[in-house]
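**Student:** Heads up, the sequence shown is in the working numbering, so the first residue is 87 and it goes up one at a time.
Built from N, CA and C at the ideal position, the CB exists for glycine as well.
So that we are looking at the same thing, I have put the structure below in C-alpha coordinates.
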Amino acid sequence: MVAVASLLMACYSLVRSAAAFVSTRRNAAALRAHFPATSIDATTIIVDRRGGCPLYFSNDPMRNLYTEWSAEDDRLLWENKDQSLPKLASMLGRGLRGVGARLDKLKDIDSPAYERLFVHKNPKISDDSTESKGKLTPVMEVLRRIRWDGTLSQSDFTVMYYDRVDETIEEAEFDSANESVKGKEELFVFAIPEHRIVGVKYKDRVVWDKDQRIDCVFGSMRGNGGTIDVVIDKYDEWKREKDREEAANRARQAEVSSRVRSALGNQRFEALKDLSSRLQHPTGSLLATDQAVEAYVVSATNLFRAARAEGNGNGEEDDAATRRLHDIKALDLLSELVALLPDDILRERILLTIESTVDRLEGRKQKKSSAKKDGQDLPELNEEDLVETFVRGSGAGGQKVNKTANKVMLVHTPTQCRVECQETRSLQQNRKIARKRLRLKVDEYMNGKNSRTAIKTTKAASKKAKAKARNK
(Lines of atoms letter the chains of each structure in order from A; the text may use other names.)
(Lines give C-alpha, C1' and ligand atoms only; values in the text may rest on other atoms or scores of the structure.)
Protein backbone atom coordinates (compact mmCIF):
# COMPACT_ATOMS: atom_id res chain seq x y z
CA MET A 87 0.00 0.00 0.00
CA VAL A 88 2.84 2.40 0.84
CA ALA A 89 4.49 1.72 -2.53
CA VAL A 90 1.19 2.28 -4.38
CA ALA A 91 0.59 5.55 -2.50
CA SER A 92 4.10 6.77 -3.33
CA LEU A 93 3.54 5.92 -7.01
CA LEU A 94 0.23 7.80 -7.08
CA MET A 95 1.82 10.85 -5.46
CA ALA A 96 4.65 10.82 -8.02
CA CYS A 97 2.14 10.65 -10.90
CA TYR A 98 0.13 13.48 -9.36
CA SER A 99 3.25 15.68 -9.08
CA LEU A 100 4.18 14.91 -12.68
CA VAL A 101 0.70 15.88 -13.94
CA ARG A 102 0.79 19.16 -11.94
CA SER A 103 4.26 19.99 -13.34
CA ALA A 104 3.07 19.38 -16.91
CA ALA A 105 -0.01 21.51 -16.29
CA ALA A 106 2.16 24.28 -14.86
CA PHE A 107 4.41 24.20 -17.92
CA VAL A 108 1.43 24.33 -20.33
CA SER A 109 -0.11 27.13 -18.26
CA THR A 110 3.16 29.07 -18.35
CA ARG A 111 3.42 28.72 -22.13
CA ARG A 112 -0.24 29.72 -22.55
CA ASN A 113 0.23 32.81 -20.36
CA ALA A 114 3.41 33.73 -22.21
CA ALA A 115 1.53 33.52 -25.52
CA ALA A 116 -1.27 35.67 -24.13
CA LEU A 117 1.16 38.26 -22.82
CA ARG A 118 3.01 38.25 -26.15
CA ALA A 119 -0.25 39.00 -27.92
CA HIS A 120 -1.09 41.70 -25.41
CA PHE A 121 2.40 43.27 -25.45
CA PRO A 122 3.64 42.80 -29.06
CA ALA A 123 6.54 45.29 -28.61
CA THR A 124 8.24 43.20 -25.92
CA SER A 125 10.27 40.04 -26.22
CA ILE A 126 8.49 37.51 -23.98
CA ASP A 127 9.61 33.98 -23.27
CA ALA A 128 8.34 31.38 -20.83
CA THR A 129 11.49 31.83 -18.80
CA THR A 130 10.51 35.42 -18.02
CA ILE A 131 7.39 34.29 -16.16
CA ILE A 132 7.87 33.82 -12.40
CA VAL A 133 5.84 30.70 -11.54
CA ASP A 134 4.28 29.77 -8.19
CA ARG A 135 5.72 26.30 -7.52
CA ARG A 136 2.70 25.37 -5.38
CA GLY A 137 -0.01 26.15 -7.90
CA GLY A 138 1.76 26.28 -11.23
CA CYS A 139 0.33 29.74 -11.99
CA PRO A 140 2.31 32.83 -12.96
CA LEU A 141 2.74 35.22 -10.05
CA TYR A 142 4.02 38.15 -12.12
CA PHE A 143 5.72 38.94 -15.39
CA SER A 144 9.35 40.11 -15.15
CA ASN A 145 10.38 42.23 -18.13
CA ASP A 146 13.74 43.11 -16.54
CA PRO A 147 16.56 41.42 -18.47
CA MET A 148 18.99 43.54 -16.42
CA ARG A 149 18.40 41.51 -13.28
CA ASN A 150 21.62 40.00 -11.97
CA LEU A 151 21.77 36.36 -13.13
CA TYR A 152 24.21 34.43 -10.96
CA THR A 153 27.13 32.67 -12.61
CA GLU A 154 28.99 30.23 -10.39
CA TRP A 155 32.44 31.22 -9.17
CA SER A 156 35.09 28.53 -9.47
CA ALA A 157 37.84 28.02 -6.89
CA GLU A 158 40.35 29.31 -9.45
CA ASP A 159 38.29 32.51 -9.90
CA ASP A 160 38.24 33.03 -6.13
CA ARG A 161 41.98 32.42 -5.87
CA LEU A 162 42.73 34.91 -8.66
CA LEU A 163 40.38 37.49 -7.13
CA TRP A 164 41.89 37.15 -3.65
CA GLU A 165 45.50 37.31 -4.82
CA ASN A 166 44.76 40.54 -6.69
CA LYS A 167 42.35 42.07 -4.17
CA ASP A 168 44.47 45.23 -3.92
CA GLN A 169 43.90 46.03 -7.60
CA SER A 170 41.16 48.43 -8.69
CA LEU A 171 37.65 47.07 -9.26
CA PRO A 172 37.73 47.75 -13.04
CA LYS A 173 41.04 45.86 -13.35
CA LEU A 174 39.61 42.89 -11.41
CA ALA A 175 36.45 42.87 -13.56
CA SER A 176 38.58 43.03 -16.70
CA MET A 177 40.79 40.20 -15.45
CA LEU A 178 37.86 37.91 -14.55
CA GLY A 179 35.48 38.85 -17.37
CA ARG A 180 32.66 39.77 -14.97
CA GLY A 181 30.59 42.84 -14.13
CA LEU A 182 31.70 45.44 -11.60
CA ARG A 183 28.90 44.79 -9.11
CA GLY A 184 29.38 41.01 -9.19
CA VAL A 185 33.14 41.28 -8.57
CA GLY A 186 32.63 43.72 -5.70
CA ALA A 187 30.02 41.48 -4.07
CA ARG A 188 32.22 38.39 -4.40
CA LEU A 189 35.20 40.18 -2.87
CA ASP A 190 33.01 41.17 0.11
CA LYS A 191 32.06 37.49 0.57
CA LEU A 192 35.70 36.39 0.48
CA LYS A 193 36.45 38.89 3.26
CA ASP A 194 33.53 37.63 5.40
CA ILE A 195 34.83 34.82 7.62
CA ASP A 196 31.28 33.43 8.06
CA SER A 197 30.59 33.04 4.33
CA PRO A 198 30.78 29.72 2.43
CA ALA A 199 33.11 31.42 -0.09
CA TYR A 200 35.65 32.19 2.65
CA GLU A 201 35.34 28.65 3.99
CA ARG A 202 36.00 27.11 0.56
CA LEU A 203 38.99 29.36 -0.07
CA PHE A 204 40.75 29.16 3.29
CA VAL A 205 39.27 26.46 5.53
CA HIS A 206 39.16 23.65 2.94
CA LYS A 207 42.44 24.90 1.52
CA ASN A 208 43.59 23.81 -1.94
CA PRO A 209 47.39 23.63 -2.38
CA LYS A 210 47.09 26.19 -5.18
CA ILE A 211 45.29 28.69 -2.93
CA SER A 212 47.34 30.86 -0.63
CA ASP A 213 46.59 33.90 1.47
CA ASP A 214 49.06 36.67 2.26
CA SER A 215 50.65 34.75 5.12
CA THR A 216 51.46 31.61 3.12
CA GLU A 217 52.58 33.15 -0.15
CA SER A 218 56.03 32.09 -1.30
CA LYS A 219 58.69 34.32 0.14
CA GLY A 220 61.60 35.89 -1.68
CA LYS A 221 61.90 37.94 -4.84
CA LEU A 222 60.60 37.34 -8.33
CA THR A 223 63.27 35.83 -10.56
CA PRO A 224 64.49 38.51 -13.03
CA VAL A 225 63.23 37.99 -16.56
CA MET A 226 66.75 37.89 -17.99
CA GLU A 227 67.46 34.81 -15.86
CA VAL A 228 64.33 33.22 -17.31
CA LEU A 229 65.34 34.10 -20.88
CA ARG A 230 68.86 32.78 -20.39
CA ARG A 231 67.55 29.45 -19.12
CA ILE A 232 65.26 29.10 -22.13
CA ARG A 233 68.15 29.96 -24.42
CA TRP A 234 70.75 27.57 -22.98
CA ASP A 235 68.69 24.73 -21.47
CA GLY A 236 68.94 21.94 -24.03
CA THR A 237 65.74 20.27 -22.78
CA LEU A 238 63.64 23.32 -23.76
CA SER A 239 62.54 24.17 -27.30
CA GLN A 240 62.93 27.90 -27.96
CA SER A 241 60.19 27.83 -30.61
CA ASP A 242 57.61 26.97 -27.90
CA PHE A 243 58.17 30.28 -26.06
CA THR A 244 57.03 33.83 -26.75
CA VAL A 245 57.86 37.06 -24.95
CA MET A 246 55.31 39.80 -24.18
CA TYR A 247 56.67 43.33 -24.11
CA TYR A 248 55.42 46.91 -23.98
CA ASP A 249 55.73 48.76 -27.30
CA ARG A 250 56.42 52.38 -26.34
CA VAL A 251 55.47 53.60 -29.83
CA ASP A 252 52.06 51.94 -30.22
CA GLU A 253 51.52 51.93 -26.42
CA THR A 254 50.32 48.32 -26.55
CA ILE A 255 51.48 44.91 -25.34
CA GLU A 256 53.07 42.99 -28.21
CA GLU A 257 54.32 39.41 -28.52
CA ALA A 258 57.54 38.21 -30.14
CA GLU A 259 58.67 34.65 -30.79
CA PHE A 260 61.65 33.76 -28.65
CA ASP A 261 63.88 32.78 -31.57
CA SER A 262 62.98 35.74 -33.83
CA ALA A 263 65.98 37.64 -35.25
CA ASN A 264 66.77 41.20 -34.21
CA GLU A 265 66.16 43.48 -37.20
CA SER A 266 65.05 46.72 -35.56
CA VAL A 267 66.98 47.40 -32.34
CA LYS A 268 70.50 48.76 -32.42
CA GLY A 269 73.29 46.63 -30.99
CA LYS A 270 75.07 43.33 -31.51
CA GLU A 271 72.36 41.13 -30.01
CA GLU A 272 71.14 38.61 -32.59
CA LEU A 273 67.87 37.64 -30.89
CA PHE A 274 65.18 40.31 -30.67
CA VAL A 275 63.96 39.31 -27.19
CA PHE A 276 67.41 39.96 -25.72
CA ALA A 277 67.60 43.35 -27.46
CA ILE A 278 64.37 44.53 -25.78
CA PRO A 279 65.09 46.58 -22.62
CA GLU A 280 64.42 44.38 -19.59
CA HIS A 281 61.99 46.83 -17.96
CA ARG A 282 59.68 46.62 -21.01
CA ILE A 283 59.24 42.84 -20.83
CA VAL A 284 55.99 42.04 -18.99
CA GLY A 285 55.60 38.29 -19.50
CA VAL A 286 56.84 35.01 -20.97
CA LYS A 287 54.57 32.30 -22.38
CA TYR A 288 55.07 28.59 -22.99
CA LYS A 289 52.74 27.98 -25.95
CA ASP A 290 49.46 29.46 -24.62
CA ARG A 291 50.32 29.45 -20.90
CA VAL A 292 51.95 32.40 -19.12
CA VAL A 293 54.93 31.07 -17.13
CA TRP A 294 56.39 34.41 -16.02
CA ASP A 295 54.38 37.56 -15.32
CA LYS A 296 55.81 40.73 -13.84
CA ASP A 297 52.50 42.27 -12.69
CA GLN A 298 51.05 39.08 -11.19
CA ARG A 299 54.43 38.07 -9.66
CA ILE A 300 54.21 34.63 -11.25
CA ASP A 301 57.30 32.55 -12.01
CA CYS A 302 56.66 28.99 -13.17
CA VAL A 303 60.14 28.65 -14.69
CA PHE A 304 62.17 28.65 -11.45
CA GLY A 305 59.18 28.50 -9.08
CA SER A 306 59.68 31.79 -7.21
CA MET A 307 56.89 33.98 -5.77
CA ARG A 308 53.45 32.82 -6.98
CA GLY A 309 55.00 30.02 -8.99
CA ASN A 310 54.69 28.18 -5.64
CA GLY A 311 57.76 26.06 -6.29
CA GLY A 312 56.55 24.68 -9.65
CA THR A 313 59.21 24.71 -12.38
CA ILE A 314 59.04 24.73 -16.16
CA ASP A 315 59.48 20.92 -16.27
CA VAL A 316 56.21 20.48 -14.35
CA VAL A 317 54.48 23.00 -16.65
CA ILE A 318 55.55 21.08 -19.76
CA ASP A 319 54.51 17.70 -18.31
CA LYS A 320 51.04 18.95 -17.33
CA TYR A 321 50.47 21.29 -20.28
CA ASP A 322 47.93 19.05 -22.06
CA GLU A 323 45.84 18.80 -18.89
CA TRP A 324 46.07 22.58 -18.40
CA LYS A 325 45.08 23.15 -22.04
CA ARG A 326 41.95 20.99 -21.74
CA GLU A 327 40.91 22.91 -18.62
CA LYS A 328 41.59 26.21 -20.41
CA ASP A 329 39.44 25.13 -23.37
CA ARG A 330 36.59 24.33 -20.97
CA GLU A 331 36.93 27.79 -19.39
CA GLU A 332 36.88 29.46 -22.82
CA ALA A 333 33.75 27.51 -23.76
CA ALA A 334 32.13 28.70 -20.52
CA ASN A 335 33.19 32.29 -21.29
CA ARG A 336 31.65 32.06 -24.75
CA ALA A 337 28.43 30.78 -23.22
CA ARG A 338 28.51 33.64 -20.70
CA GLN A 339 29.12 36.15 -23.49
CA ALA A 340 26.14 34.76 -25.43
CA GLU A 341 23.98 34.95 -22.27
CA VAL A 342 25.02 38.55 -21.52
CA SER A 343 24.51 39.56 -25.16
CA SER A 344 21.05 38.00 -25.08
CA ARG A 345 20.16 40.00 -21.96
CA VAL A 346 21.44 43.23 -23.51
CA ARG A 347 19.50 42.54 -26.71
CA SER A 348 16.37 41.82 -24.67
CA ALA A 349 16.80 45.11 -22.78
CA LEU A 350 17.52 47.27 -25.84
CA GLY A 351 15.70 45.57 -28.68
CA ASN A 352 17.32 44.51 -31.95
CA GLN A 353 17.76 47.98 -33.46
CA ARG A 354 19.40 49.57 -30.41
CA PHE A 355 21.50 46.46 -29.80
CA GLU A 356 22.94 46.79 -33.32
CA ALA A 357 23.61 50.47 -32.58
CA LEU A 358 25.52 49.47 -29.43
CA LYS A 359 27.55 46.94 -31.42
CA ASP A 360 28.39 49.66 -33.94
CA LEU A 361 29.52 51.99 -31.12
CA SER A 362 31.71 49.24 -29.67
CA SER A 363 33.25 48.44 -33.04
CA ARG A 364 34.11 52.08 -33.74
CA LEU A 365 35.64 52.44 -30.28
CA GLN A 366 37.85 49.36 -30.79
CA HIS A 367 38.99 50.52 -34.22
CA PRO A 368 39.16 54.35 -34.13
CA THR A 369 40.02 56.22 -37.31
CA GLY A 370 43.24 58.23 -37.39
CA SER A 371 44.49 56.95 -34.02
CA LEU A 372 46.00 53.78 -32.58
CA LEU A 373 44.02 54.12 -29.33
CA ALA A 374 40.64 55.56 -28.49
CA THR A 375 40.86 58.89 -26.65
CA ASP A 376 39.48 59.42 -23.15
CA GLN A 377 36.74 61.61 -24.62
CA ALA A 378 35.75 58.78 -26.99
CA VAL A 379 35.52 56.31 -24.09
CA GLU A 380 33.37 58.71 -22.04
CA ALA A 381 31.16 59.41 -25.08
CA TYR A 382 30.72 55.65 -25.56
CA VAL A 383 29.47 55.16 -21.99
CA VAL A 384 27.11 58.16 -22.30
CA SER A 385 25.73 56.91 -25.65
CA ALA A 386 25.21 53.40 -24.27
CA THR A 387 23.36 54.81 -21.24
CA ASN A 388 21.13 56.86 -23.55
CA LEU A 389 20.27 53.72 -25.55
CA PHE A 390 19.11 51.99 -22.35
CA ARG A 391 17.09 55.09 -21.37
CA ALA A 392 15.39 55.19 -24.78
CA ALA A 393 14.50 51.50 -24.58
CA ARG A 394 13.10 51.98 -21.05
CA ALA A 395 11.02 54.98 -22.16
CA GLU A 396 9.59 53.00 -25.06
CA GLY A 397 8.83 50.08 -22.75
CA ASN A 398 6.84 52.32 -20.38
CA GLY A 399 4.45 53.17 -23.21
CA ASN A 400 2.58 55.84 -21.27
CA GLY A 401 4.94 58.70 -22.14
CA GLU A 402 5.49 59.56 -18.48
CA GLU A 403 9.06 60.20 -17.43
CA ASP A 404 10.53 58.53 -14.36
CA ASP A 405 11.41 60.68 -11.38
CA ALA A 406 15.09 61.42 -10.72
CA ALA A 407 15.58 58.67 -8.12
CA THR A 408 13.99 55.99 -10.33
CA ARG A 409 15.94 57.12 -13.38
CA ARG A 410 19.18 57.02 -11.38
CA LEU A 411 18.42 53.49 -10.15
CA HIS A 412 17.71 52.28 -13.70
CA ASP A 413 20.89 53.92 -15.01
CA ILE A 414 22.96 52.07 -12.38
CA LYS A 415 21.38 48.76 -13.41
CA ALA A 416 22.03 49.52 -17.08
CA LEU A 417 25.67 50.40 -16.41
CA ASP A 418 26.12 47.19 -14.43
CA LEU A 419 24.78 45.17 -17.35
CA LEU A 420 27.02 47.13 -19.72
CA SER A 421 30.04 46.37 -17.51
CA GLU A 422 29.32 42.63 -17.83
CA LEU A 423 29.39 42.97 -21.62
CA VAL A 424 32.48 45.20 -21.67
CA ALA A 425 34.38 42.80 -19.39
CA LEU A 426 34.30 40.25 -22.23
CA LEU A 427 35.86 42.54 -24.89
CA PRO A 428 39.11 41.15 -26.39
CA ASP A 429 41.20 44.33 -25.95
CA ASP A 430 42.66 44.28 -22.42
CA ILE A 431 43.65 47.96 -22.25
CA LEU A 432 40.41 49.32 -23.75
CA ARG A 433 38.33 46.97 -21.59
CA GLU A 434 39.87 48.32 -18.40
CA ARG A 435 39.53 51.96 -19.52
CA ILE A 436 35.81 51.55 -20.24
CA LEU A 437 35.23 49.78 -16.92
CA LEU A 438 37.07 52.59 -15.13
CA THR A 439 34.74 55.14 -16.76
CA ILE A 440 31.68 53.04 -15.86
CA GLU A 441 32.83 52.80 -12.23
CA SER A 442 33.33 56.57 -12.10
CA THR A 443 29.84 57.15 -13.53
CA VAL A 444 28.23 54.74 -11.03
CA ASP A 445 30.08 56.43 -8.15
CA ARG A 446 28.71 59.80 -9.28
CA LEU A 447 25.15 58.42 -9.57
CA GLU A 448 25.35 56.86 -6.11
CA GLY A 449 26.79 60.02 -4.57
CA ARG A 450 30.15 58.49 -3.65
CA LYS A 451 33.43 60.36 -3.81
CA GLN A 452 34.92 59.79 -7.23
CA LYS A 453 38.36 58.25 -7.52
CA LYS A 454 41.08 60.05 -9.41
CA SER A 455 41.74 58.45 -12.77
CA SER A 456 45.31 57.42 -13.45
CA ALA A 457 44.62 57.67 -17.17
CA LYS A 458 44.89 61.47 -17.05
CA LYS A 459 47.93 61.79 -14.84
CA ASP A 460 50.09 62.98 -17.74
CA GLY A 461 47.70 65.71 -18.85
CA GLN A 462 45.19 65.82 -21.68
CA ASP A 463 45.15 63.63 -24.78
CA LEU A 464 47.63 64.36 -27.51
CA PRO A 465 46.29 66.06 -30.66
CA GLU A 466 45.57 63.82 -33.62
CA LEU A 467 47.58 64.11 -36.85
CA ASN A 468 46.07 63.98 -40.32
CA GLU A 469 48.34 62.31 -42.86
CA GLU A 470 47.35 65.00 -45.41
CA ASP A 471 49.03 67.62 -43.18
CA LEU A 472 52.36 65.78 -42.99
CA VAL A 473 55.41 66.09 -45.24
CA GLU A 474 57.58 63.00 -44.82
CA THR A 475 61.04 62.42 -46.29
CA PHE A 476 63.58 59.64 -45.88
CA VAL A 477 67.32 60.26 -45.92
CA ARG A 478 70.44 58.24 -45.19
CA GLY A 479 71.36 57.95 -41.58
CA SER A 480 74.69 58.43 -39.88
CA GLY A 481 76.55 57.16 -36.85
CA ALA A 482 76.78 53.68 -35.37
CA GLY A 483 74.93 50.78 -36.97
CA GLY A 484 77.03 49.85 -39.97
CA GLN A 485 75.76 49.54 -43.52
CA LYS A 486 72.19 49.03 -42.33
CA VAL A 487 72.24 52.67 -41.13
CA ASN A 488 74.77 54.41 -43.37
CA LYS A 489 73.74 52.95 -46.75
CA THR A 490 69.93 52.89 -46.40
CA ALA A 491 67.43 55.76 -46.24
CA ASN A 492 65.95 54.84 -42.84
CA LYS A 493 66.14 58.28 -41.17
CA VAL A 494 62.70 59.95 -41.06
CA MET A 495 62.13 63.70 -41.31
CA LEU A 496 58.56 64.77 -40.58
CA VAL A 497 56.98 68.24 -40.91
CA HIS A 498 53.49 69.25 -39.74
CA THR A 499 52.38 71.78 -42.35
CA PRO A 500 49.79 73.79 -40.32
CA THR A 501 52.21 74.47 -37.44
CA GLN A 502 55.55 73.93 -39.22
CA CYS A 503 56.67 71.71 -36.34
CA ARG A 504 59.53 69.45 -37.46
CA VAL A 505 61.04 66.27 -36.01
CA GLU A 506 63.68 63.73 -37.04
CA CYS A 507 64.04 60.11 -36.03
CA GLN A 508 66.83 57.56 -36.44
CA GLU A 509 66.29 55.55 -33.28
CA THR A 510 66.27 52.07 -34.85
CA ARG A 511 67.45 50.32 -37.99
CA SER A 512 63.82 49.69 -38.96
CA LEU A 513 62.24 52.35 -41.18
CA GLN A 514 58.71 51.47 -40.03
CA GLN A 515 59.65 51.78 -36.35
CA ASN A 516 61.30 55.13 -37.03
CA ARG A 517 58.14 56.36 -38.76
CA LYS A 518 56.03 55.42 -35.71
CA ILE A 519 58.43 57.06 -33.27
CA ALA A 520 58.59 60.22 -35.43
CA ARG A 521 54.82 60.55 -35.39
CA LYS A 522 54.68 60.17 -31.63
CA ARG A 523 57.35 62.85 -31.21
CA LEU A 524 55.50 65.13 -33.61
CA ARG A 525 52.26 64.75 -31.62
CA LEU A 526 54.12 65.80 -28.48
CA LYS A 527 55.64 68.78 -30.28
CA VAL A 528 52.30 69.91 -31.76
CA ASP A 529 50.72 69.51 -28.30
CA GLU A 530 53.43 71.78 -26.85
CA TYR A 531 52.90 74.29 -29.66
CA MET A 532 49.11 74.39 -29.22
CA ASN A 533 48.69 74.06 -25.43
CA GLY A 534 51.88 75.61 -24.02
CA LYS A 535 51.97 75.24 -20.23
CA ASN A 536 49.06 72.78 -20.33
CA SER A 537 50.80 70.40 -22.72
CA ARG A 538 51.86 66.94 -21.59
CA THR A 539 55.57 67.76 -21.91
CA ALA A 540 55.22 70.99 -19.89
CA ILE A 541 53.27 69.22 -17.13
CA LYS A 542 55.92 66.51 -16.84
CA THR A 543 58.68 69.12 -16.73
CA THR A 544 56.86 71.09 -14.02
CA LYS A 545 56.33 67.95 -11.93
CA ALA A 546 59.98 66.95 -12.26
CA ALA A 547 61.16 70.44 -11.27
CA SER A 548 58.81 70.49 -8.27
CA LYS A 549 59.99 67.07 -7.14
CA LYS A 550 63.63 68.12 -7.47
CA ALA A 551 62.99 71.34 -5.49
CA LYS A 552 61.31 69.40 -2.68
CA ALA A 553 64.18 66.91 -2.51
CA LYS A 554 66.68 69.79 -2.42
CA ALA A 555 64.74 71.48 0.38
CA ARG A 556 64.70 68.29 2.46
CA ASN A 557 68.46 67.85 2.10
CA LYS A 558 69.26 71.33 3.44
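Is it true that the region 264-278 meets the region 546-556, where meeting means three or more beta-carbon pairs spaced less than 8 Å apart?
**Tutor:** No, the region 264-278 does not touch the region 546-556.
**Student:** How should Ile431 be labelled, buried or exposed, when 16 other C-beta atoms within 10 angstroms of its C-beta is the threshold for buried?
**Tutor:** Locating residue 431 in the sequence shown gives position 345, where the first residue counts as 1. Result: exposed.
**Student:** Kindly indicate which residue of Glu422, Pro500, Val505 has the alpha-carbon position closest to the one of Gly494.
**Tutor:** For this step, residue 494 is matched to residue 408 along the sequence shown. The sequence shown places Val at residue 494, not Gly. Nearest C-alpha to Val494: Val505.
**Student:** With H, G and I counted as helix, E and B as strand and the rest as coil, what does DSSP make of Gly285?
**Tutor:** On the sequence shown, position 199 is the one that residue 285 refers to. In this structure, Gly285 counts as strand in the three-state DSSP scheme.
**Student:** Do you know how far the Cα of Gly184 is from the Cα of Tyr200?
**Tutor:** Here residue 200 is taken as the residue at index 114 of the sequence shown, counted from 1. Here residue 184 is taken as the residue at index 98 of the sequence shown, counted from 1. In a straight line, the C-alpha of Tyr200 is about 16 Å away from that of Gly184.
**Student:** Classify Ser215 as helix, strand or coil using the three-state DSSP reduction.
**Tutor:** As a first step, residue 215 must be located in the sequence shown, where it is residue number 129. With a pLDDT of only 40 at Ser215, under 50, the local geometry of the prediction cannot be trusted, and no value is derived from it.
**Student:** Tell me whether Ile300 sits in a helix, a strand or coil according to DSSP, three-state version.
**Tutor:** Position 214 of the sequence shown, counted from the start, is the residue given in the question as residue 300. Strand, per DSSP.
**Student:** From the DSSP output, read off the bridge partner residues of Phe476.
**Tutor:** Here the question's residue 476 lines up with position 390 in the sequence shown. In the DSSP output, where bridge partners are listed per residue, Phe476 has Val494.
**Student:** In the DSSP assignment, find the unbroken alpha helix (DSSP H) run with Ala551 in it and report its ends.
**Tutor:** The sequence position of residue 551 within the sequence shown is 465, counting from 1. First-last of the alpha helix (DSSP H) with Ala551: 538-557.
**Student:** Using a Cβ-Cβ cut-off of 8 Å (strictly less than) and excluding sequence neighbours within five positions of Arg391, which residues of its own chain qualify?
**Tutor:** Indexing the sequence shown from 1 puts residue 391 at position 305. Answer for Arg391: Arg409, His412, Asp413, Ala416, listed in chain order.
**Student:** Can you give the Cα-Cα distance for Arg354 and Glu441, rounded to whole angstroms?
**Tutor:** Your numbering for residue 354 matches position 268 in the sequence shown. Your numbering for residue 441 matches position 355 in the sequence shown. Each residue's Cα considered, the two are about 23 Å apart.
**Student:** Can you give the beta carbon distance from Val317 to Arg299, rounded, assuming they're within the 8 Å contact cut?
**Tutor:** The residue you call residue 317 lines up with position 231 of the sequence shown. The residue you call residue 299 lines up with position 213 of the sequence shown. Contact flag wrong, Cβ pair sits at about 17 Å.
**Student:** Skipping 5 residues on each side, what residues in its chain have a beta carbon closer than 7 Å to that of Pro465?
**Tutor:** Residue mapping note: residue 465 aligns to position 379 of the sequence shown, counting from 1. The residues are Arg525, Val528, Asp529, Met532.
**Student:** Can you tell which of Thr313, Thr501, Val383 has its C-alpha closest to the C-alpha of Thr443?
**Tutor:** The count along the sequence shown starts at 1 and reaches residue 443 at position 357. With distances taken between Cα atoms, Thr443 lies closest to Val383.
**Student:** Have a look at Phe476 and Glu470 and give me their C-alpha separation to the nearest angstrom.
**Tutor:** Against the sequence shown, residue 476 aligns to sequence position 390. Against the sequence shown, residue 470 aligns to sequence position 384. Cα-Cα distance, rounded: 17 Å.
**Student:** Looking at Thr237: is its Cβ nearer than 7 Å to the Cβ of Glu257?
**Tutor:** Locating residue 237 in the sequence shown gives position 151, where the first residue counts as 1. Locating residue 257 in the sequence shown gives position 171, where the first residue counts as 1. The answer is no: Cβ separation not under 7 Å.
**Student:** If I follow the unbroken beta strand (DSSP E) through Phe243, where does it start and stop?
**Tutor:** Here residue 243 is taken as the residue at index 157 of the sequence shown, counted from 1. 243-249 is the span of the beta strand (DSSP E), which, as asked, contains Phe243.
**Student:** Below 6 Å, is the gap between the Cβ of Asp360 and the nearest heavy atom of the ligand FMN?
**Tutor:** In the structure shown, the ligand FMN is absent, as is every other ligand, since no ligand is present at all.
**Student:** Starting from the N-terminal side, write out each stretch of the beta strand (DSSP E) that is 3 residues or longer and does not extend beyond the region 326-402.
**Tutor:** Here no run is fully enclosed.
**Student:** Excluding the five sequence neighbours on either side, which residues of its own chain have a C-beta within less than 8 Å of the C-beta of Ser241, listed in chain order?
**Tutor:** Looking up residue 241 in the sequence shown gives position 155. Glu259, Phe260, Asp261.
**Student:** Does DSSP classify Ile278 as helix, strand or coil?
**Tutor:** Looking up residue 278 in the sequence shown gives position 192. Here Ile278 sits in coil by DSSP.
**Student:** When the Cα atoms are used, what is the spatial distance from Glu434 to Thr387?
**Tutor:** Walking along the sequence shown from the start, residue 434 turns up at place 348. Walking along the sequence shown from the start, residue 387 turns up at place 301. About 18 Å.
**Student:** For the beta strand (DSSP E) that Trp294 lies in, which residues bound it at each end?
**Tutor:** Here the question's residue 294 lines up with position 208 in the sequence shown. Segment 291-295, the beta strand (DSSP E) holding Trp294.
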